[in-house]
Structure formats: structure tokens, C-alpha cells
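Quick notes on the structure that follows.
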Amino acid sequence: MKNTPPISYPLKIDAQSSPITYWQWSFVTAWSLIMLGLVAAPIGHGFLATPSGWQFTGFIRGFHQDYNSYLTWMRQAYDGHVLFRDMYTTEPHSRAFFHPLFWLMGISAKLIGLPFLPIWYATHAAGCVLMIVTAYRFSTLFTDSTRTRMLSLVLVTTVSGFGYLTDTTPSTSRSHQPIDLWMAEANIFDAMTSSFFTLPIALGLMLAACEMYLRYLRGGCTRHAVYSGLIVLSLTATHPYDVVTLFPVLMVWTMMMRPLRFKGIILVLIICLPYCMYSLAVMKLHPVFSNIAWRLPNPTLRSYLIGLGPLVILGSAALVIPAIQKQHRHVGLLLAWICCGVLLLHVPIGFERKLLWGIQIPISLLAAMLLNHVGGIMMKPSGIQPVIATVFGITIISGSAIGSAVSYLQLFDRNREGQFGDFLPKTAINGFRWLEQHGKPPDVVISTPLINGYLPARTGLTVAEGHWAQTINWRSKRQFSAALFGPPKTISTQQVEKKLRQFNIRFILLDDVSAKRYGFNGYTFAFEPLVQDRHQGDGFIIWELPGG
Numbered sequence: 014m015k016n017t018p019p020i021s022y023p024l025k026i027d028a029q030s031s032p033i034t035y036w037q038w039s040f041v042t043a044w045s046l047i048m049l050g051l052v053a054a055p056i057g058h059g060f061l062a063t064p065s066g067w068q069f070t071g072f073i074r075g076f077h078q079d080y081n082s083y084l085t086w087m088r089q090a091y092d093g094h095v096l097f098r099d100m101y102t103t104e105p106h107s108r109a110f111f112h113p114l115f116w117l118m119g120i121s122a123k124l125i126g127l128p129f130l131p132i133w134y135a136t137h138a139a140g141c142v143l144m145i146v147t148a149y150r151f152s153t154l155f156t157d158s159t160r161t162r163m164l165s166l167v168l169v170t171t172v173s174g175f176g177y178l179t180d181t182t183p184s185t186s187r188s189h190q191p192i193d194l195w196m197a198e199a200n201i202f203d204a205m206t207s208s209f210f211t212l213p214i215a216l217g218l219m220l221a222a223c224e225m226y227l228r229y230l231r232g233g234c235t236r237h238a239v240y241s242g243l244i245v246l247s248l249t250a251t252h253p254y255d256v257v258t259l260f261p262v263l264m265v266w267t268m269m270m271r272p273l274r275f276k277g278i279i280l281v282l283i284i285c286l287p288y289c290m291y292s293l294a295v296m297k298l299h300p301v302f303s304n305i306a307w308r309l310p311n312p313t314l315r316s317y318l319i320g321l322g323p324l325v326i327l328g329s330a331a332l333v334i335p336a337i338q339k340q341h342r343h344v345g346l347l348l349a350w351i352c353c354g355v356l357l358l359h360v361p362i363g364f365e366r367k368l369l370w371g372i373q374i375p376i377s378l379l380a381a382m383l384l385n386h387v388g389g390i391m392m393k394p395s396g397i398q399p400v401i402a403t404v405f406g407i408t409i410i411s412g413s414a415i416g417s418a419v420s421y422l423q424l425f426d427r428n429r430e431g432q433f434g435d436f437l438p439k440t441a442i443n444g445f446r447w448l449e450q451h452g453k454p455p456d457v458v459i460s461t462p463l464i465n466g467y468l469p470a471r472t473g474l475t476v477a478e479g480h481w482a483q484t485i486n487w488r489s490k491r492q493f494s495a496a497l498f499g500p501p502k503t504i505s506t507q508q509v510e511k512k513l514r515q516f517n518i519r520f521i522l523l524d525d526v527s528a529k530r531y532g533f534n535g536y537t538f539a540f541e542p543l544v545q546d547r548h549q550g551d552g553f554i555i556w557e558l559p560g561g
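First residue of the sequence shown? That's 14 in the numbering used here, and the numbers climb one at a time after it.
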């Protein structure tokens, strides 16, 4: 391998110094297809494993409140709205929120005449490919070694943590559980094989913005800074959290490489600032969006370390080997990204754990440099035979990916279990269709806590409660939703009437499956004396209240 000079600054990146050959592109293409197959398999299995009388929602890895929130935005775009409103709370408010990606997805579904899921899957696939391609391109800025580039891509897309080795119990609080057991941002494989397609899209945009900005720092070409700014604008409009991660990294890189070229970071900021300010204004000034709950529990340091697992060990080892800095370019930039990420995890902004996303890239690249270095030593004439070196590399990578394999196989087990949420009873879906046909957008509907979260996207109506973060006073509304279908003595008719009027509820839905789960045995509900009309359907009942 041809060694490059030791790490030095300012950075010298030649756009043509690290070409991606046809063979490398073939590898990236093949790897993308393999990963897309892994992403699609549990979804296809979910459709095939659907129990009789149920319907697969099309989503995997739980997080159904968030998935349905995304569908609700698509539904509003499909219904002709550019600005979105919060359909998970009953407080009156105007439309103010604009999300370009979900608006485009909703409009595409309408123009093409397809249901939402095919559009969702196409976007998911495009996001995964974008992330894989940009991750590989990013690695070329730091190494000429084809083997290191490939190892980095494999590690990025497969490695998980050591959470599967712990004895975590259901009673263990989330913040004390290894992050790879529950956090979508913990590793890239779990993110790709969840339905959070915004994560791979956002990471792909982050890497593309980094590449363009590094090229600006190399040559001072304003065009590259503009490209980076436009990509950051797209990132802001897709997954705003990641802008909080990206800007400190770009600023530190500027100080490390070209301190006098802060014009570039200012240009990037100017391009994305209007949308950032708009989003911030909506979140801070809007009467409803400003009351949305954003504070999330932050994991402990132990949870982070165990959840990142092998990457922490391999990446740390790479940093203490001087030969790795000599064999590759500008390892200090990768360390700078990692340091920025670690510091951001301790900034008390309420959602700091989400700022972990992306840190897997520099750590994986360092880990790949280490494996390539060790493999190179083994393959020297005086060292171990190449076959043994290859077995060593495969063993390390396979061992690092065990957590991902365990988590992945659990997706199929979950499908076979037919969990409520992954699957919906067709009786409830029949009720959704009735509401979609007979309700009007101002109407508010309420059902059991099991069903509420699915109502806005599938009916176009506002629900009294359905999302822990987007429903104002969520806990009290959820308690009312549960009490509404309890025995008459659970809540009085007067109490029910007061709440129904307060929430401006027009329809009450109960399907057969939910009724059985709540132990309904034919008693009269406390709200029934208030009902104007009663609609009996195939496996569901809808009570209509006067006025609404």
C-alpha cells in the first residue's frame, strides 16, 4: 500500500486523488441491493404472516405513533393542504407547519394514484441507497485503500452494540438500557431496517454536505459551499435535529483546516437560515406546536458505550496507532466529529440523544482503518498467511454484527406474534372507512387508546389523543379515553358530557377486538344517554354526538 504523508494542515484534498473505480461502484451497487433485500424481507414477511381478520400496517420495529404521525402529514398533503396542523390534539389552532418531504410524498400519492405505502417504501429505498453511496464517497476523502473503504461501508451498515449480552428486564428504565436495544439512532442497520426512512435520508444528506464543504475548504470554490448549503437546507427540511450536529462539525473542521475561510460556513448558514428560523418560530410561537413535548430521557454513559459496543473499541484502538495516521489522510477530522458528537450529547436541550446520529460514520471509518492495518501486517511475507488474515477480518466483522442479527431475527418473531399495532383488526379498519366517508375535517373522533393513534391518517379527522408528544395534556386525555369505555361506574355521565364538549367530539368508535380487550360485556356506557345516533357496522359501533 502506498503511504501518504503524516497528518498535516491545512487539508489538501484533490477531487481526483481518490477515484472510485468501476469495480468499487459495482461493490457499492451490490451491497446496496443486499441491504435493500434485508430491509424488504421483514416487511414482506409481515404481509405473509398476517393473521386472519387482521391487516398488516406495513411498518416494522414499533414506533407506531411516529409512523402514523408521518402518515398524517402525508394525508394532509393528499387532501390538498400545504401547511399542516396537529391532528392529535383538540385545541383549536391554525395550519402553520410545512414539511417538504412529506408534502411531496402526499402529493405524489395523489398524482400517481397510489396508496401511501408504496410511496413510503420507494422513499425508504431511495434513502438507504443515498446513505450507502454517500458513506462510501465520504470514505474516499480519507483513504485511498479500497479495502479500507469497503470495510468501512460493511461496518457502517452492519455493526451493532453489546446490548444483546445484557440482562435487561422490562422494568429497567429506558435511560439505563443499552441504546442498541431501543434507540433507532443507535446503529445504522437498525435504522435502515426500521420504518424511520428519515434517518438514512438525513445521514446521506449530512455526508453529502460534508463532502461538498471539504471540497470548498480545499479549493476555495464558492460553488462547493453553495452546494453544501443547499444540501444542508434539504437536511433541515427533512430531519432538523441533525443540523445541530452538523454545524459544530463544519465549524471545527474550518478552524482546523482553513481558519480564514469562515465565509463558507457563513454562506451555508445563510442558505438554510430562513427555513431554520421559520421552523423555530413555529415551535416557539404557535399556540399548539409550542406546547408539544420535546424532552426525551437521555441515556447514561454506560448505555451509550454498551450500545455502540465494538465500534468504540475498534475506533479507540485505531486512534492510538501512529501508523494508521500515516497510512490514511486527516484522521484528526474524524476525531473532531466524534468529539463534537460526544459534547453535544451533554448539552441539555431536551433531545440531545438524537444528536448521536451520524457519529457511527467516523468511528466505523477508524475501525476499518484498524482492521486494514492489522490485516496488512498479517499478510506480509513474514506474517500469517492471507487466508488466516481474511478469516480474522470476517470473524471481527461477524462478531460485531451479532447484535444486528439478533435484532433482525426478532422482527420475524414479532411478525409471527401478530402484535397489536403491527397489525390492526379489520373491524377497526371498517370503522375507519365509515368515518372517512361520513366525517368532515373539523370533526373530532375518539376511540380506545389502542386505536386512537391510527385515526387521523386513515380518516382525515382529528383525534382527541393519540401521540405522547403531539397531544397536549396527553396523560389526562388518555386516561379519559380509557375510562370512556369502562363500566358505567368508572365515570359519570356528567363527567363524560363535560369532557366531550371540552374536546368537541363528534364520533366515538369501538371495534369488536378492542371491546374484547377492554372486557366489554354488553353494559351501557356512561356516554350513551348523550348520543344522537348509533351506527352499527361490520364489527364496529360508532356513536354520533349532536353538534360536535
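Using N, Cα and C, we set each Cβ at its ideal position, and we do this for glycine too.
With a CB to CB cut of under 8 Å and the five nearest residues on each side skipped, what residues in its chain are close to residue i?
{"i": "Phe76", "result": "Ala197, Ser207, Ser208 and Phe209"}
{"i": "Gly412", "result": "Pro323"}
Could you check whether residue j and residue i sit closer than 8 Å to each other, using their CB atoms as the reference points?
{"i": "Thr102", "j": "Ile485", "result": "yes"}
{"i": "Ala414", "j": "Thr171", "result": "yes"}
{"i": "Leu218", "j": "Arg271", "result": "no"}
{"i": "Gly566", "j": "Cys285", "result": "Nothing can be reported for residue 566: it is not among the residues displayed for the chain, which extend from 14 to 561."}
{"i": "Asp456", "j": "Arg514", "result": "no"}
{"i": "Cys234", "j": "Phe151", "result": "no"}
{"i": "Phe110", "j": "Val95", "result": "no"}
{"i": "Leu368", "j": "Leu348", "result": "no"}
{"i": "Phe155", "j": "His386", "result": "no"}
{"i": "Met87", "j": "Ala53", "result": "no"}
{"i": "Thr537", "j": "Pro559", "result": "no"}
{"i": "Trp67", "j": "Pro438", "result": "yes"}
{"i": "Leu248", "j": "Val256", "result": "yes"}
{"i": "Thr475", "j": "Met100", "result": "yes"}
{"i": "Gly406", "j": "Gly389", "result": "no"}
{"i": "Phe40", "j": "Met205", "result": "no"}
{"i": "Ser319", "j": "Phe175", "result": "Checking the sequence, you will find Ile at residue 319 rather than Ser. Yes, the pair counts as a contact, with Cβ atoms nearer than the cut-off."}
{"i": "Gly466", "j": "Gln78", "result": "yes"}
{"i": "Leu522", "j": "Val458", "result": "yes"}
{"i": "Leu309", "j": "Arg366", "result": "yes"}
{"i": "Thr258", "j": "Trp370", "result": "yes"}
Do you know whose CA, among the options, lies nearest residue i's CA?
{"i": "Cys352", "options": "Ser489, Leu46, Ser329 and Arg108", "result": "Ser329"}
{"i": "Gln507", "options": "Leu543, Thr159 and Trp195", "result": "Leu543"}
{"i": "Thr472", "options": "Gly452, Val333, Leu293 and Val281", "result": "Gly452"}
{"i": "Arg74", "options": "Leu523, Ser505 and Ser420", "result": "Ser420"}
{"i": "Thr179", "options": "Asp193, Pro261 and Val526", "result": "Asp193"}
{"i": "Cys289", "options": "Ala496, Pro253, Phe275 and Tyr226", "result": "Pro253"}
{"i": "Pro300", "options": "Gln483, Asp203 and Ala43", "result": "Gln483"}
{"i": "Ile125", "options": "Thr182, Thr267 and Tyr91", "result": "Tyr91"}
{"i": "Pro113", "options": "Ala250, Leu309, Phe260 and Arg236", "result": "Ala250"}
Taking 7 Å as the limit between beta carbons, can you name the residues of its chain near residue i, skipping five residues before and five after?
{"i": "Tyr531", "result": "Thr461 and Phe498"}
{"i": "Phe129", "result": "Leu84, Met87 and Ala122"}
{"i": "Ala563", "result": "As shown, the chain starts at 14 and ends at 561. That puts residue 563 outside it, with no answer to give."}
{"i": "Gln545", "result": "Glu557, Leu558 and Pro559"}
{"i": "Val169", "result": "Ala148, Ile201, Gln373, Ile374 and Ser377"}
{"i": "Trp487", "result": "Glu478 and Trp481"}
Only counting the same chain, and skipping five residues up and downstream in sequence, which positions put a Cβ closer than 6 Å to that of residue i?
{"i": "Val509", "result": "Ala539 and Phe540"}
{"i": "Phe72", "result": "Tyr80 and Ser208"}
{"i": "Gly277", "result": "Tyr229 and Ala238"}
{"i": "Arg160", "result": "Asn385"}
{"i": "Phe69", "result": "Gly59, Phe60, Thr63 and Phe436"}
{"i": "Ser173", "result": "Asp193, Asn200, Gly416 and Ser417"}
{"i": "Ile548", "result": "Note that residue 548 is His in the sequence shown here, rather than Ile. Hits under 6 Å: Ile555."}
{"i": "Leu212", "result": "Ala204"}
{"i": "Leu424", "result": "Pro55 and Ile73"}
{"i": "Tyr177", "result": "Gly416 and Val419"}
Shorter than 7 Å, the distance from the beta carbon of residue i to the closest heavy atom of the ligand COA, or not?
{"i": "Tyr240", "result": "The ligand COA is absent from the structure shown, which contains no ligand whatsoever."}
- Message: Which complete alpha helix (DSSP H) runs does the stretch 272 to 350 hold, if anything under 4 residues is left out?
- Response: Fully enclosed alpha helix (DSSP H) runs of 4 or longer: 275 to 298, 314 to 321, 323 to 332 and 335 to 340.
- Message: With a threshold of 8 Å, are at least 3 pairs of Cβ atoms found where one atom belongs to the stretch 427 to 442 and the other to the stretch 182 to 197?
- Response: Look at the beta carbons and you see the stretch 427 to 442 not touching the stretch 182 to 197: under three pairs across the two are nearer than 8 Å.
- Query: Should the stretch 321 to 339 be called in touch with the stretch 376 to 392, which here means at least 3 C-beta pairs below 8 Å?
  - Reply: Because the criterion of three Cβ pairs below 8 Å is met, the stretch 321 to 339 and the stretch 376 to 392 touch.
- If you pair each beta-carbon of the stretch 242 to 252 with each one of the stretch 355 to 363, do three or more pairs fall below 8 Å? Note that the stretch 242 to 252 does not touch the stretch 355 to 363; fewer than 3 beta-carbon pairs, one per stretch, sit closer than 8 Å.
- Message: Count Cβ pairs between the stretch 434 to 447 and the stretch 543 to 555 that sit closer than 8 Å; are there 3 or more?
- Response: The count of Cβ pairs closer than 8 Å, one atom from the stretch 434 to 447 and one from the stretch 543 to 555, reaches three, so the stretches are in contact.
- Message: Pairs of beta-carbons, one from the stretch 125 to 144 and one from the stretch 33 to 51, closer than 8 Å: are there three or more?
- Response: The stretch 125 to 144 vs the stretch 33 to 51: in contact.
- Item | Unbroken stretches of the alpha helix (DSSP H), 4 residues or longer, contained in the stretch 146 to 185 | Contiguous alpha helix (DSSP H) elements confined to the stretch 146 to 185 occur at 159 to 171, taking only those with 4 or more residues.
- Please list the segments of the alpha helix (DSSP H) lying wholly inside the stretch 414 to 491, counting only runs of 4 or more residues, in order along the chain. When DSSP assignments are scanned along the stretch 414 to 491, the uninterrupted stretches of alpha helix (DSSP H) that are 4 or more residues long and fall wholly within it turn out to be 415 to 430, 439 to 451 and 468 to 472.
- Going along the chain, which unbroken runs of the alpha helix (DSSP H) with 4 or more residues stay wholly within the stretch 521 to 561? The alpha helix (DSSP H) runs lying completely inside the stretch 521 to 561 and spanning 4 residues or more are 525 to 530, given in chain order.
- Hey, which unbroken runs of the alpha helix (DSSP H) at 4 residues or more fall wholly within the stretch 57 to 142? Runs of the alpha helix (DSSP H) spanning 4 or more residues and lying entirely within the stretch 57 to 142 occur at 77 to 91 and 113 to 125, in chain order.
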